[in-house]
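Participant: Numbering (this note's numbering), first residue to last: 65 to 356. Input: one structure, supplied below.
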């Protein structure tokens, strides 16, 4: 299906050129990186931009690198890039796992992590790993730069804190100084080819601290401080896990659609939470982090 209308197209070579164009066109422009979501939106008439600003020539945004104690992921880094990165495998195993479960191989070769969180679709895969690691979204515009904690990024389904004249340059993730380990679980109809029906991320930190986040079970992905406080206070036991699973019913709000009922999503989210928690705890005990 072709895009049924005409639009302008620009391919800037530098960040400065990109933000100048975005400052000129504002809400009438759309940023093109991987384009896997945007193309479908345009074909169906949900997005009708006056101009596409293609940022794929801006090489500085293709980089995955350590900056002091933070891992920086550029806005052009694809999910396949994440899977190929030794830094991601060693430092962010939960994101490494999630990246391998995104859609199909073809989509992973084009779709970017930043595009995923900018689309803010309920079924996104990357939000839970970034939430438990307390990532920060970095934006740029003609007015300057902003650093937005991911907890403040998601406003509603398909709505984020980004402004019309801003684009995301990179995401920074603070790397804990002490030992840590994460695990990710995703519910889908078949492996590596399907949208998420529910997903869970768990991060285990030193001093018996836990971070927990849920995706695809509400308008926006959510980190649960309530469940974290329970685990941090009482520690891990069979009783605590059951109490945490019961608490999930007050944290998430799944829906019924063509892929799953809300009851099934609720049940499987509890199951996946327990699996992710136990997996993260087991990995934390290992002398060296092992990822799939």
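Ideal Cβ positions, reconstructed from N, Cα and C, are used throughout, including at glycine. None of the values given here were measured: they were computed from a predicted structure.
Within its chain, find whatever has a CB closer than 8 Å to the CB of residue 242; leave out the 5 residues flanking it on each side and keep chain order.
Facilitator: 269, 270 and 271
Participant: Please give me, in chain order, every unbroken run of the alpha helix (DSSP H) with length at least 4 that falls completely inside the region 84 to 163.
Facilitator: Restricting attention to alpha helix (DSSP H) runs no shorter than 4 residues, the region 84 to 163 encloses them at 100 to 107, 143 to 148, 150 to 155 and 157 to 163, ordered along the chain.
Participant: Assign residue 295 to one of two classes, buried (16 or more other C-beta atoms within 10 Å of its C-beta) or exposed (fewer than that).
Facilitator: buried
Participant: What is the C-beta distance between residue 166 and residue 189, in whole angstroms, given that I count them as a contact (C-beta under 8 Å)?
Facilitator: Between residue 166 and residue 189 the beta-carbon gap is near 5 Å, inside 8 Å, which marks them as a contact.
Participant: Can you give, in chain order, each stretch of the beta strand (DSSP E) that sits fully within the region 175 to 229 and has at least 3 residues?
Facilitator: Counting whole runs of 3 or more residues, the region 175 to 229 contains the beta strand (DSSP E) stretches 200 to 205, 208 to 213 and 218 to 220.
Participant: How would you call residue 66, buried or exposed, if buried means at least 16 neighbouring beta carbons within 10 angstroms?
Facilitator: exposed
Participant: Mind reading off the beta-carbon distance from residue 329 to residue 262? Whole number of angstroms is fine, and I expect it under 8 Å.
Facilitator: 5 Å
Participant: Closer than 8 Å is the cut-off here; do at least three beta carbon pairs connect the region 156 to 166 with the region 111 to 124?
Facilitator: no
Participant: Residues bridged to residue 234 by DSSP?
Facilitator: The partner list for residue 234 (beta bridge, DSSP) reads 138 and 202.
Participant: I'd like the span of the alpha helix (DSSP H) that includes residue 328, first residue to last.
Facilitator: Secondary structure note for residue 328: its alpha helix (DSSP H) is the uninterrupted segment 326 to 349.
Participant: Just to confirm, are residue 232 and residue 344 a CB contact at a threshold of 8 Å?
Facilitator: For residue 232 and residue 344, no; Cβs fall outside 8 Å.
Participant: Between the beta-carbon of residue 191 and the beta-carbon of residue 181, is there less than 8 Å?
Facilitator: For residue 191 and residue 181, yes; Cβs fall inside 8 Å.
Participant: Provide the residue(s) that pair with residue 287 in DSSP beta bridges, ordered along the chain.
Facilitator: 277
Participant: Considering residue 313, what are the terminal residues of the alpha helix (DSSP H) in which it resides?
Facilitator: Per DSSP, residue 313 belongs to no alpha helix (DSSP H) and is neither H nor E.
Participant: Measure from the alpha carbon of residue 310 to the alpha carbon of each residue in 96, 299, 335 and 325, then state which is nearest.
Facilitator: 335
Participant: Within its chain, find whatever has a CB closer than 8 Å to the CB of residue 290; leave out the 5 residues flanking it on each side and keep chain order.
Facilitator: 311, 314 and 315
Participant: Counting only the same chain and skipping the five closest in sequence on each side, list residues whose C-beta sits under 7 Å from that of residue 90.
Facilitator: 228 and 229
Participant: For residue 73, collect the residues of the same chain with a Cβ closer than 6 Å to its Cβ; drop the 5 residues on either side in sequence, then sort them by chain order.
Facilitator: 116
Participant: Using a Cβ-Cβ cut-off of 7 Å (strictly less than) and excluding sequence neighbours within five positions of residue 83, which residues of its own chain qualify?
Facilitator: In chain order, 204, 205, 206 and 231 place their CB closer than 7 Å to the CB of residue 83, counting only its own chain and leaving out the 5 sequence neighbours on each side.
Participant: I'd like the span of the beta strand (DSSP E) that includes residue 167, first residue to last.
Facilitator: Neither: residue 167 is in no beta strand (DSSP E) and is coded neither H nor E.
Participant: Bridge partners of residue 359, per DSSP?
Facilitator: Any question about residue 359 goes unanswered here, given that the chain covers just 65 to 356.
Participant: In the structure shown, what three-state DSSP assignment does residue 295 receive?
Facilitator: helix
Participant: Just mark residue 292 as buried or exposed, buried being the case when its beta carbon has 16 or more other beta carbons within 10 Å.
Facilitator: buried
Participant: Residue range of the beta strand (DSSP E) that residue 267 falls in?
Facilitator: 262 to 269
Participant: Among the candidates 221, 153 and 76, whose CA atom is the shortest distance from the CA of residue 284?
Facilitator: 221
Participant: Would DSSP call residue 27 helix, strand or coil?
Facilitator: With the chain running from 65 to 356 in the structure shown, residue 27 is simply not present.
Participant: Can the beta-carbon of residue 219 be found closer than 8 Å to that of residue 201?
Facilitator: no
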